[in-house]
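Trainee: Chains as they are written, first to last, in the numbering used here: chain A, 1 to 228; chain B, 1 to 228.
There are 2 protein chains.
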Amino acid sequence: MASLLHHPLCAFSRSTRLALAECGVEAELNEEKPWEWRPEFLALNPAGTLPVLIPDDGPPIAGWYAISEWLSDTLDDRPITAFQPFPGEADARAEARRLVEWFHHKFHSEVTDYLVIEKVFRRFGPNSTSPDMDAMRAGRDNLRYHMAYIGHLTETRSWLAGDALSFADLAAAAHLSALDYIGEVPWEQFEAAKNWYALVKSRPSFRPLLLDRVAGFVPAGTYADLDF
Amino acid sequence: MASLLHHPLCAFSRSTRLALAECGVEAELNEEKPWEWRPEFLALNPAGTLPVLIPDDGPPIAGWYAISEWLSDTLDDRPITAFQPFPGEADARAEARRLVEWFHHKFHSEVTDYLVIEKVFRRFGPNSTSPDMDAMRAGRDNLRYHMAYIGHLTETRSWLAGDALSFADLAAAAHLSALDYIGEVPWEQFEAAKNWYALVKSRPSFRPLLLDRVAGFVPAGTYADLDF
Chain A
1 MASLLHHPLC
11 AFSRSTRLAL
21 AECGVEAELN
31 EEKPWEWRPE
41 FLALNPAGTL
51 PVLIPDDGPP
61 IAGWYAISEW
71 LSDTLDDRPI
81 TAFQPFPGEA
91 DARAEARRLV
101 EWFHHKFHSE
111 VTDYLVIEKV
121 FRRFGPNSTS
131 PDMDAMRAGR
141 DNLRYHMAYI
151 GHLTETRSWL
161 AGDALSFADL
171 AAAAHLSALD
181 YIGEVPWEQF
191 EAAKNWYALV
201 KSRPSFRPLL
211 LDRVAGFVPA
221 GTYADLDF
Chain B
1 MASLLHHPLC
11 AFSRSTRLAL
21 AECGVEAELN
31 EEKPWEWRPE
41 FLALNPAGTL
51 PVLIPDDGPP
61 IAGWYAISEW
71 LSDTLDDRPI
81 TAFQPFPGEA
91 DARAEARRLV
101 EWFHHKFHSE
111 VTDYLVIEKV
121 FRRFGPNSTS
131 PDMDAMRAGR
141 DNLRYHMAYI
151 GHLTETRSWL
161 AGDALSFADL
171 AAAAHLSALD
181 YIGEVPWEQF
191 EAAKNWYALV
201 KSRPSFRPLL
211 LDRVAGFVPA
221 GTYADLDF
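1. So, with DSSP's three-state summary, where would you put G151 (chain B)?
2. What distance in whole Å lies between the Cβ atoms of Q84 (chain B) and S72 (chain B), which are believed to be in contact at a cut-off of 8 Å?
3. Counting only runs of 4+ residues fully inside the region 149-211 of chain B, write out the alpha helix (DSSP H) ranges in chain order.
4. Does any CB atom of chain B fall closer than 7 Å to the CB of P59 (chain A)?
5. Could you tell me the distance, in whole angstroms, from the CA atom of A21 (chain B) to the CA atom of W70 (chain B)?
6. Determine, for Y114 (chain B), whether the minimum Cβ-Cβ distance to residues of chain A falls below 7 Å.
7. Do we get a CB-CB distance below 7 Å when we pair W37 (chain A) with the residues of chain B?
8. Give the single residue among B:A2, B:P55, B:L9 and B:S3 whose Cα lies nearest to the Cα of L209 (chain B).
9. Looking only at C-alpha atoms, which of A:M1, A:W196 and A:N142 sits nearest to L165 (chain A)?
10. Restricting to runs no shorter than 3 residues, where is the beta strand (DSSP E) found entirely within the region 2-50 of chain A?
11. Would you mind working out which of B:E31, B:F12 and B:G63 sits nearest T112 (chain B), comparing C-alpha positions?
12. Assign I80 (chain B) to one of two classes, buried (16 or more other C-beta atoms within 10 Å of its C-beta) or exposed (fewer than that).
13. Candidates A:L75, A:L179 and A:F41: which alpha carbon is nearest A19 (chain A)'s?
14. Going by DSSP, what residues sit across from L75 (chain A) in a beta bridge?
15. For G63 (chain B), decide whether its Cβ has a neighbour in chain A, counting only Cβ atoms nearer than 7 Å.
16. Are V120 (chain B) and A171 (chain B) touching if we call contact CB-CB under 7 Å?
17. What are the boundary residues of the beta strand (DSSP E) that includes V116 (chain A)?
18. Please compile the residues from chain A whose C-beta is within a distance smaller than 7 Å of the C-beta of W102 (chain B).
19. Report buried or exposed for R97 (chain B), applying the criterion of at least 16 other Cβ atoms within 10 angstroms of its Cβ.
20. Skipping 5 residues on each side, what residues in its chain have a beta carbon closer than 8 Å to that of L211 (chain A)?
21. Using Cβ-Cβ distances below 7 Å, what residues of the region 73-86 of chain B are close to chain A?
22. Who pairs with L53 (chain B) in a beta bridge, going by DSSP?
23. How is the alpha helix (DSSP H) around E95 (chain B) delimited, first residue to last?
24. For F107 (chain B), which of helix, strand or coil comes out of DSSP?
25. When you compare only the Cα positions, how much space is there between A135 (chain A) and I117 (chain A)?
26. Could you check whether H6 (chain B) and P51 (chain B) sit closer than 7 Å to each other, using their CB atoms as the reference points?
27. Going along the chain, which residues of its own chain have a beta-carbon closer than 6 Å to the beta-carbon of A168 (chain B), five neighbours each way excluded?
28. Do you know offhand how far I150 (chain A)'s Cα is from F107 (chain A)'s?
29. Would A47 (chain B) and W102 (chain A) be called neighbours here (beta carbons separated by less than 7 Å)?
30. Could you tell me which of B:A198, B:A215 and B:S15 sits nearest to D227 (chain B), measuring between CA atoms?
31. Can the beta-carbon of P59 (chain A) be found closer than 7 Å to that of L44 (chain A)?
32. Should L4 (chain A) and L29 (chain A) be called a contact, given that it needs their Cβ atoms to be closer than 7 Å?
33. At a CB-CB cut-off below 7 Å, which residues of chain B make contact with K106 (chain A)?
34. Give the residues of chain B in contact with A161 (chain A), contact being defined as C-beta atoms less than 7 Å apart.
35. Taking C-beta pairs closer than 9 Å, name the residues in chain B that A172 (chain A) reaches, listed in chain order.
In structure tokens form, the structure reads like this:
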């Protein structure tokens, strides 16, 4: 079986776990603490980042970008699934990728980085420090704008990038689910984004994420509820 | 003809210009100053980032990620060129993408962001400030490690990702060329990286980049020399 080096609260890892499950690729999960700089881990991915997929055969594949595109490139090697990471013609695929970059870069640096890094990852590692409250405030402010953008997209589309579920939905949901774990998503104020998230959250691929637990962090009340 | 919104010292734009030229896609260049937040620009790419490709027909394509993959997806729609952004089988394509992420994210945040942003982009916009010398020192230190990594890759490979030129080479060369413009690359200390860069720099696709001039910034002495 393939295996995936991941961390439960790493949004990049979460999006990749969802994509693997939607593509019907079973992978054993191995938790990695990238801040420990384990030499065996750095040998697999010198960038020291998560996730890293070790397929049944073939070399390791490092990072959400290479893995999601590899899942797309190898669709024909597997039993057919309804899901394609980048469905449709070239223009539709470009729109899905634009939104993947939106969530895995813009959203990450404007929201996840501030909130998850400050609230969770600062506690780990040799230089454990308290959260920076200014950073957390900036992350919360920025999140509101992104929630509104998700709502705006779903006004005219079934899924974020168009008519079909794509890796863009999984990337967005991965970040929101990490934030939801630490109770940082103001769902009630963003009805359209909440309705879209409820659809992703209820997919079978999402179930394992709802069972994630991180030592020292109890998930927020409705984290695992499909009716939240 | 297609057109590309770009900035001469934006490494993401530079890598895209190289990829368009290698793929035989002619595009008119339109300089954009993203810090001006021009409404017509934000309508094309709400993320406010460069580059944005406006193809002959079809919707705009925003960002190096969506554009480079779109060039790969539409190879069959154009006359054959020797260049493919992600050549080879799925594993080889994954390796090229790992390295694209390396340069467009890791290198960007560890080097380009510190040096080009501090030395050039801080001067623009409403809040013009002087360079932060600590940031510049960090960028210069980090650059040495990346130069060594390029040398390490080319020890066993013809190009960064393998036997063929790929978008990984163009991404890496794009960052180095922006740094070279401002005289920040210690070529003499990194012979292997220099030899690889000389190969990319001498390609016809590179010529327009060597003619780039940014108001207020004279390029460093050997910026445009193929024998540097």
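Glycine included, every Cβ here is placed at the ideal spot set by N, Cα and C.
Quantities reported herein were computed from a predicted structural model and do not represent experimental measurements.
Mentor: Looking at the coordinates:
1. helix
2. Right, their Cβ atoms sit about 7 Å apart.
3. 167-181, 191-201 and 207-210, all fully within the region 149-211 of chain B.
4. yes
5. 14 Å
6. no
7. no
8. B:L9
9. A:W196
10. Whole beta strand (DSSP E) segments, 3+ residues: 2-6 and 27-31.
11. Nearest C-alpha to T112 (chain B): B:F12.
12. exposed
13. A:L75
14. Paired residues: none, contrary to the question.
15. Closer than 7 Å to some Cβ of chain A, the Cβ of G63 (chain B) qualifies, so yes.
16. no
17. In the DSSP assignment, V116 (chain A) falls outside any beta strand (DSSP E) and within the unbroken alpha helix (DSSP H) covering D113 to K119.
18. A47
19. buried
20. A224
21. D73 and T74
22. B:L4 and B:I61
23. Unbroken alpha helix (DSSP H) run through E95 (chain B): A90 to E101.
24. helix
25. 10 Å
26. Contact: yes.
27. A96, L99, V100, L160 and A161
28. 11 Å
29. yes
30. With distances taken between Cα atoms, D227 (chain B) lies closest to B:A198.
31. no
32. yes
33. A47
34. Chain B residues near A161 (chain A): none, gap ~11 Å exceeds 7 Å.
35. Those within 9 Å of A172 (chain A) in chain B number zero; the least Cβ separation is about 14 Å.
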